[in-house]
Amino acid sequence: MPMKILDYIRRKLSVRLSLWILCFATVIFVGSLNYLFSVSREAIRREAVDRATLSLDLTVQRVSAILKDVETAVDNTDWLVQRHLDTPDSMYAYSRHILMNNPNLYGCSLAFEPNYFKEKGLYFSAYSFRESPDSIETVQEGNDQYHYFSMDWYLMPKLMDKACWTEPFIDLDIDSTYTKEIITSYCKPLKDSGGAFVGVLSADISLSWLSSTISAMQPYPHSYNIMLGRGGTYLVHPDSTMLFYQTVFTQTLLKPNDQLKALGLAMQAGEEGMREIELDGHDYLVFYKPLPETGWSVSILCPESDIFGGYNRLKRIMTLILTIGLLLMLWLFSRIVTKELKPLRQLTKGAETIASGKFDMELPVSGRTDEIGQLSQTFSHMQHSLVRYIEELETTTAQKATIESELNVAKGIQLSMLPKIFPPFPDRKDIDIFGQLTSAKEVGGDLFDFYIRDEKLLFCIGDVSGKGIPASLLMTVTRSQFRTVSRHLDQPDQIVIEMNNLMAAGNDTHMFVTLFVGCLDLASGHLSYCCAAHNPPLMIGTEVAELPVARRLPIGAMRGIRYVLQETTMQPHTTIFLYTDGLTEAEDTSQAMFGEERMNEVARQFVADGGRSPQSLIERMTEAVHTYVAGAPQSDDLTMLAIQYNGH
C-alpha cells in the first residue's frame, strides 16, 4: 500500500506541488507557533516564579508574624511571673491569661524546678491548653508519670540560658495514656530577682493548626507547602502520616531521588531559592526560604501541570486547528492545481502519442497566454521540427551507413596490406616474428612491414601524424614506398632518405611519418638500422636494453635530410621489440600515461619468467596496457612488432 501511494505521488504533479506548498506552509506555521509557544511558556514560567515567590514570602511573613506574636506574649508575661513567685497558685491564672489573649496558641506552661514551692511538692507546672476552640482547661501537669523537668522543652532553655524554639514533640495527656497533639514550643527560662534559674515559661503552637495556616497560602490549585525542622523533619506536609515521624531524607532512602535529597540539604542549610524536581512521576517547581528565628525552612511545591495547564490546553487546541487547516489547505490547493494543470495533462497525452510514432497527431489548441500556453505553442513547433529532423536523420543515417560500410572496406584493404599470417616463415628456424596493430578509429595511421630478400630481413615500423582516413592513406603510401625502395636498396639510411625525398616532394598537407627501418643479415646476425624520429626499440635477451638511435626529423617534413646508419650484432635468441607511441602514451581514466618505465618493467618480467616467443611478449605487453588503462577509451593507434633472431 505505501508503494502504491508513493507511485501515485510520483505520477501526479498536482499532488507533489500541493505537498510542497503544504510542507512550506507547515514549516512556516510550525516554526511561528513554536516560537510563540516558547515565548509564552517562558512568560508563564516567569509569572509562576513571581507568583510563587510572592506567595512564599507572604507565607514566611505570616509564620514569622505568628512566631513573633508567641515570643512577644511570652516576653510580656515574664516580668509578671517574676513579681509573683511567692504566690504559686497565681501561675494558673497567668498561663490561662496568656492563652486567652493569644488565640493562635495551643497551650501555655509555667513549669518550676523540683520542690521550688515547698508546699506544692516535687512537681509544679501550671499548664493551660485548649480543650476546644471555645474551651480552655488549666491543670497541674507534673506527676510521677510525667517528669516535665526531664523534657527537652524544659532542659533546652535551662541549659542554653536563653529562649528558644523546640523541635516538634508529642503532647501527651496528663496521665500520659494517649496522644493529644504534635506541638512546638517557644521556651524561655524564668529567673528570680537574684538571677537564679527557677523554671521555664513555654508557649505551644499546634502543628496541625500551623499546617492549615501555611497550606492556606496556595498559588495554584494543586500546589502545597512543606516545612522542615532543623534535622529535616517534616513539620508541615499534606500527608499527615509523614509528620514528626519522617524526614525529607527518609523518602530518598526508600526510593533514591537526588533532586529531593539536594532540596532537603539546601533547606536544612538555610538556603533560599528555586529548584525543579520530580516526585512520584510529576514535575514540580519548588520555592524555599528559611525561618531565621527557628532554623526551620518553608517551601511551596507547584506542579508544572498547574503552571502550564492552560498553556498545554491551548497548545493542543492550536495544534488541532493547525492540522485541520493544513489538511484543508492541501485539499484546496490540490483542486486548484489539478484544474490549472489540466491543459498540461492533455499536452502530455499528445506528447505520448507523438512519442509512439504518430507524428501527424494534432495537439490540443490552448488559448492560454501563460507558461502552459507558451509550452503548448512551443511543443507544436517542436512537433513540426521533429518531423523535418526525422526525415533529415533518415537521409543522414543512410549516408552514414554507406560511409561506415566504405570505412569497413577501407579498413579491410588497409589491414590486408600488412602482414597478417604468423608465423610468417614457418619453415625457417633462424627467425620468428609477430606483429599486431590496433587502430584508435575505423582506420589508422600506424604501419609495420617485413620481408626476406637475399637472406636479409628488411623490416620497418612507422607512425603517421594524425588519425583516421588521412593517416590511413598516408600509411598506405608509406608502406608501398618501403616495399618499392627497399627492392633496390639494402642500406636502411638510404631507404629512409629515398622515402623522405619522395614523400616531401608532394606533401601539400604537411603530414609526416616517424619511421624505423632495419636490415638483419640472417646468416651473421648483423643488424643495420636507421631511425627517423621514431621510438627506440628494445633489445631483449638475457637482459633488456634500449637500442641506441640517432634521432632525426620524421620523413615527409622536408627534402634533403641526411639520416644516420647505425649497426649492431644480434646474438642468437635475442628479440628486437618495436612499437609506436600508442603503447607508452596509453592513458588511464585520470589521463596518466603508461610510460617507458612500465614498458621496460613488463619486458624485464617477461625475461625473468622465461618468456621466449615474440607472440607471448606482445600478448604480455597488451595485457599490461589493458590492465593499466582500466577501460579508458583508446586515444591513439597501438602497433607492436617483435623479431626474434635465433641464429644458425
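The numbering of the sequence shown is this note's numbering, which starts it at 1384 and goes up by one. Cβ atoms here follow ideal geometry from the backbone N, Cα and C, with glycine treated the same way.
Taking buried to mean at least 16 other C-beta atoms within 10 Å of its own C-beta, is residue i buried or exposed?
i: Trp1714; result: exposed
i: Gly1828; result: buried
i: Tyr1772; result: exposed
i: Ala2013; result: exposed
i: Ser1421; result: exposed
i: Lys1571; result: buried
i: Ala1854; result: buried
i: Gln2027; result: buried
i: Thr1778; result: exposed
i: Tyr1962; result: buried
i: His2009; result: exposed
i: Pro1675; result: exposed
i: Asn1417; result: exposed
i: Leu1841; result: buried
i: Asn1640; result: buried
i: Thr1616; result: buried
i: Tyr1628; result: exposed
i: Met1991; result: Note on residue identity: the sequence assigns Ala, not Met, to residue 1991. Ala1991 comes out exposed.
i: Gly1525; result: buried
i: Ala1431; result: buried
i: Ala1781; result: exposed
Quick one: Cα of residue i to Cα of residue j, how far?
i: Phe1865; j: Val1900; result: 9 Å
i: Gln1601; j: Val1581; result: 44 Å
i: Gln1819; j: Gln1949; result: 26 Å
i: His1620; j: Gly1504; result: 42 Å
i: Phe1716; j: Trp1403; result: 10 Å
i: Met1765; j: Lys1725; result: 21 Å
i: Arg1613; j: Glu1550; result: 8 Å
i: Thr1624; j: Ser1591; result: 12 Å
i: Ala1969; j: Glu1984; result: 16 Å
i: Arg1945; j: Ile1880; result: 7 Å
i: Arg1696; j: Arg1718; result: 33 Å
i: Met1331; j: Pro1802; result: The question about residue 1331 has no answer here: the residues shown for the chain are numbered 1384 through 2031.
i: Leu1966; j: Ala1916; result: 16 Å
i: Ser1822; j: Gln2017; result: 9 Å
i: Gly1851; j: Lys1722; result: 58 Å
i: Glu1654; j: Tyr1506; result: 42 Å
i: Pro1486; j: Asp1535; result: 25 Å
i: Pro1497; j: Ser1680; result: 36 Å
i: Cys1902; j: Phe1833; result: 10 Å
Below 6 Å CB to CB, which residues in the same chain sit around residue i once its five sequence neighbours on both sides are set aside?
i: Ser1848; result: Met1894, Phe1895
i: Thr1521; result: Tyr1475, Arg1479, Ser1511
i: Met1886; result: Ile1938, Gly1939
i: Ala2007; result: Val1985
i: Ala1435; result: Pro1602, Phe1670, Ile1683, Cys1685
i: Thr1677; result: Trp1548
i: Tyr1607; result: Pro1621, Leu1684
Looking only at its own chain, which residues have a Cβ that is under 8 Å from the Cβ of residue i, when we skip the five neighbours before and after it?
i: Thr1460; result: Tyr1477, His1480, Ile1481, Leu1584
i: Thr1952; result: Ser1907, Gly1908, His1909, Leu1910
i: Val1669; result: Leu1646, Met1657, Arg1658, Glu1659, Ile1660, Ser1682, Ile1683, Leu1684, Cys1685
i: Ile1519; result: Arg1479, Leu1482, Met1483, Ser1511, Phe1512, Arg1513
i: Lys1574; result: Gln1465, Phe1580, Val1581
i: Ser1559; result: Caution applies to Ser1559, whose pLDDT of 46 falls short of 50 and renders its modelled position unreliable; the model cannot decide the point.
Tell me which residue opens and which closes the beta strand (DSSP E) that residue i is part of.
i: His1480; result: It is not in any beta strand (DSSP E) - His1480 instead sits in the alpha helix (DSSP H) that spans 1473-1484.
i: Ser1515; result: 1508-1515
i: Thr1859; result: From DSSP, Thr1859 is part of no beta strand (DSSP E) but of the alpha helix (DSSP H) over 1851-1869.
i: Ser1518; result: 1518-1523
i: Lys1672; result: 1665-1674
i: Leu1684; result: 1679-1686
i: Met1712; result: Segment 1692-1723 is the alpha helix (DSSP H) holding Met1712; no beta strand (DSSP E) there.
i: Ile1588; result: 1580-1589
i: Ala2025; result: 2021-2028
i: Leu1618; result: 1617-1619
i: Thr1952; result: 1949-1952
Excluding five sequence neighbours on each side, which residues of the same chain lie with their C-beta closer than 7 Å to the C-beta of residue i?
i: Phe1412; result: Leu1705
i: Tyr1561; result: Note that Tyr1561 has pLDDT 41, beneath the 50 cutoff, so the model's placement of it is unreliable and the number below is only indicative. Counting only Cβ-Cβ distances below 7 Å, and skipping sequence neighbours, we find nothing.
Along the alpha helix (DSSP H) that carries residue i, what are the first and last residues, could you check?
i: His1333; result: No answer is possible for residue 1333: the residues shown for the chain start at 1384 and end at 2031.
i: Tyr1912; result: Here Tyr1912 belongs to no alpha helix (DSSP H); instead the beta strand (DSSP E) covers 1909-1915.
i: Arg1942; result: First-last for Arg1942: undefined, no H or E at that position.
i: Asp1876; result: 1875-1888
i: Ala1494; result: Here Ala1494 belongs to no alpha helix (DSSP H); instead the beta strand (DSSP E) covers 1490-1495.
i: Cys1644; result: According to the sequence displayed, residue 1644 carries Lys and not Cys. Note, Lys1644: alpha helix (DSSP H), 1641-1651.
i: Met1539; result: 1535-1543
Please tell me whether residue i has its Cβ less than 8 Å away from any Cβ of chain D.
i: His1467; result: Checking the listed chains, one finds no chain D in this structure; it contains a single protein chain.
- prompt: Should the stretch 1918-1935 be regarded as contacting the stretch 1858-1874, the criterion being three or more beta carbon pairs within less than 8 Å?
  reply: At 8 Å Cβ cutoff, the stretches do not touch.
query: Touch check for the stretch 1992-2011 and the stretch 1803-1818: three-plus C-beta pairs under 8 Å?
result: The count of Cβ pairs closer than 8 Å, one atom from the stretch 1992-2011 and one from the stretch 1803-1818, reaches three, so the stretches are in contact.
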